[in-house]
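Asker: Start counting the sequence shown at 6; every next residue gets the next number (our numbering).
Backbone N, C-alpha and C fix where the C-beta goes; we use that ideal spot for every residue, glycine too.
Structure below; questions to follow.
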Amino acid sequence: APFAILMAMAAIVLLIACLNLANMMLARATARRKEIALRLALGGSRARIVRQLLTEASLLSLVAGVLGVLVGYWGISLLVSSLLPLSPIPLTFDARPDIRVMAAALLFAALSTMLFSLGPGLKLARTDAVPELKEQAGEAPSGRRGRWFGARNLLVATQVALSLALLTAAGLFTRGALKAGDADPGYRLEGQVLASMDASLAGYDEARGRDVYRRVLERVRAIPGVRSASIASSVAFGDFTEGSTVARVGQAAAAAKNERPPRTSAVNYVVGAGYFETLGIPILRGRGFTPAEEQNSAAPRVAIIDEPLAKALFPGENPVGQQIRKPPRDEAAPVQGHGVVSGMQGDDQDAMEVVGVVAGLRHDMFDKAPVSHLYLPSGRQFKSNGHIHARVDTPGPAGEAAVLQAMRREIRAVDDRLPVLALRTLSEHRDASILNWVVRAGAQLFTVFGVVAVFLAVVGLYAVKAYVVARRTREIGSRMALGSTPRSVLWLVLKEGLGLTGAGL
């Protein structure tokens, strides 16, 4: 869908440029009527005249196509350079145009020439030579109706309409993107810092990974200025996370009817003790995870669900004390959501007791409402990718920077081989997501296309009015000789331009 939208925007800009080309050809056709009439009188064929006009237009289209390829290469390079710093792994992207890109550019240039230059060329080739060769021959008066509804004016009005529609769409998209980015995610952003690590990149197995994360978390919690800290396997507004189907353990009534109990898909988080308190996610019922459930792999099988998942599985009931499970893969429903993969389906099919219900949160900026989340204790499930959240006592750039520096020192003190993938505030993490980059880049591209379209429309309007004024020089001189003031002549020209703009609106 995003690529289709971009292609549609590019097609609209190309259409506006082609309408400009058609207008220019119409203007040149009118200005060269005597020349063409003379050629026809000397025996020139109409087909040869059309070929000449198409050749002239083809040269313009060829130059425009080459410039378009160069500008496209520069624009893609600019976009890629802004994306590369956000990628967690090094990426190599070659934006140089190949033979297919050049062939497509030449094809579109040729099609544009044929579609929008052939009509004006045929019109000029049908010129009647006898009237045009008379001494006072000029452009025949078109009358009031022809002046307003001529081909040139209709083309200009179409350009204005398309350009303003594109600019309006750019404004709406940008407003929607800003609104989505500023929406409440469901957790606290102020005073939150984040350290992302991956023990598997250092070659650690589960036992050593658990130990190093435990020691890092202990040191981070002891840093002066840190109110609380916890660990999680994923971070909201990230690029990827895991999900699974969650089912309510069968009820007697459902079993009697041979029906499956309620089930739904949910984003899965493996978190430690104090996670909800650290991020400011309200606990609506029950409790959070205990330190024993954070560290002990033999702890009871418990889980915490959020409000959307509770409403899906336990409508009108209290979920605390109820049991849920993750069904096998063959019973699973598709897991939906941006960047959500079914990596945890079937890992633990035994029943788990729901010990708490928390408020829902948005998984990414396109979520209109909170999505279902399932939280599991880090003691029962180990994930090599660990994200340590810390809530600082003094929110603000100075306090957050000091805690981030202290976290880096403590991680190095525990194990200098442990790779730190990111060390930043939670707000910076949200802003650095690839999805957020896509939205920002889309808004910028929309704006650029809209501005270019308006510029082309303005150029087309200016060219048409300049040509019309030049053709009406004798008429304007006569008006001035008969007593018209410069202001009235200016209003005459301006009124027609405003009329074209109003028609486009």
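(1) In terms of residues, what are the limits of the alpha helix (DSSP H) holding residue 78?
(2) Does the beta-carbon of residue 55 have 16 or more other beta-carbons within 10 angstroms, so that it is buried, or is it exposed?
(3) Skipping 5 residues on each side, what residues in its chain have a beta carbon closer than 7 Å to that of residue 227?
(4) With 16 as the cutoff for other CB atoms within 10 Å, does residue 357 come out buried or exposed?
(5) In the DSSP assignment, what are the bridge partners of residue 364?
(6) Return the chain-ordered ranges of every alpha helix (DSSP H) run that is complete within the stretch 468–506 and spans a minimum of 4 residues.
(7) So, helix, strand or coil for residue 9, using DSSP?
(8) Tell me the DSSP bridge mates of residue 201?
(9) For residue 21, I'd like the list of residues in its chain whose CB is within less than 7 Å of its CB, leaving aside the five on either flank, ordered along the chain.
(10) So is residue 190 buried or exposed if we call it buried at 16+ other beta carbons inside 10 Å?
(11) Could you say which of 104, 82, 61 and 70 lies nearest to residue 446 if we only look at CA atoms?
(12) How about residue 368 and residue 237: do their beta carbons lie closer than 8 Å?
(13) What's the call for residue 98, buried or exposed, on a 16-neighbour Cβ count within 10 Å?
(14) Suppose you measure from the CA of residue 218 to the CA of residue 419; what does that come to, to the nearest Å?
(15) Please report the straight-line C-alpha distance between residue 376 and residue 321, rounded to a whole angstrom.
(16) If residue 330 and residue 254 are in contact, beta carbons under 8 Å, what's the gap, nearest whole angstrom?
(17) How many Å lie between residue 441 and residue 174 at the Cα?
(18) So which of 293, 73, 413 and 212 has the shortest CA-CA distance to residue 302?
(19) So, with DSSP's three-state summary, where would you put residue 233?
(20) Distance check for residue 201 and residue 350, CA to CA, integer angstroms please.
(21) Can you tell me which of 333, 396 and 300 puts its alpha carbon nearest to the alpha carbon of residue 229?
(22) Please determine, among 464, 494, 465 and 28, the residue with the shortest C-alpha to C-alpha distance to residue 477.
(23) Going by Cα to Cα distance, which pick from 333, 51 and 90 is closest to residue 513?
(24) State the DSSP-derived secondary structure class of residue 359, mapped to helix, strand or coil.
(25) In this structure, what does DSSP give as the bridge partners for residue 269?
(26) Helix, strand or coil, according to DSSP, for residue 194 in the structure here?
Answerer: Based on what the coordinates show:
(1) 51–88
(2) buried
(3) none
(4) buried
(5) Residue 364 is not bridged to any residue.
(6) 478–486
(7) helix
(8) 392 and 427
(9) 164, 167, 168, 458, 461 and 462
(10) buried
(11) 82
(12) no
(13) exposed
(14) 9 Å
(15) 18 Å
(16) 6 Å
(17) 19 Å
(18) 212
(19) strand
(20) The predicted position of residue 350 is uncertain, since its pLDDT is 44 and thus under 50; no value can be drawn from it.
(21) 396
(22) 494
(23) Given a span of 6 to 510 for the chain in the structure shown, any question on residue 513 remains unanswerable.
(24) strand
(25) 251
(26) coil
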